[in-house]
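In full-length UniProt numbering, the protein residues as written are 1 to 99. All remarks here apply to the structure that follows.
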């Protein structure tokens, strides 16, 4: 990836995989994660409903794992809003792996 890019993930498993192989993310990119708290249909149904009825969606966790400039948090929260999440709570990649 180009320096100062933002790498966006929708699941925390990649960090565990990298660590188990002795690797980590590049240090010259930001890494953010937004995870809707539900699976498939339980995420999609409220999103579709929210388009018709005053907004609805599934809560999401977000993580800003690495930051190389000031955009990472804004991108993570914006992505969560775009997914229709009515509430976004901060977590870490390590906490997400354990959940």
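All C-beta atoms, glycine included, are put in the ideal place defined by N, C-alpha and C.
Euclidean distance between Cα positions of residue 30 and residue 86: Within the model, the alpha-carbon separation for residue 30 versus residue 86 is close to 24 Å.
Every unbroken alpha helix (DSSP H) within the UniProt domain "KARI N-terminal Rossmann" (1-91), with a cutoff of 4 residues, ordered by chain: The UniProt domain "KARI N-terminal Rossmann" (1-91) is shown to contain whole alpha helix (DSSP H) runs of 4 or more residues at 13-20, 41-52 and 72-82, in chain order.
Alpha-carbon spacing of residue 45 relative to residue 57, whole angstroms: The C-alpha of residue 45 lies about 8 Å from the C-alpha of residue 57.
Residue 32 beta carbon less than 8 Å from that of residue 64: For residue 64 and residue 32, yes; Cβs fall inside 8 Å.
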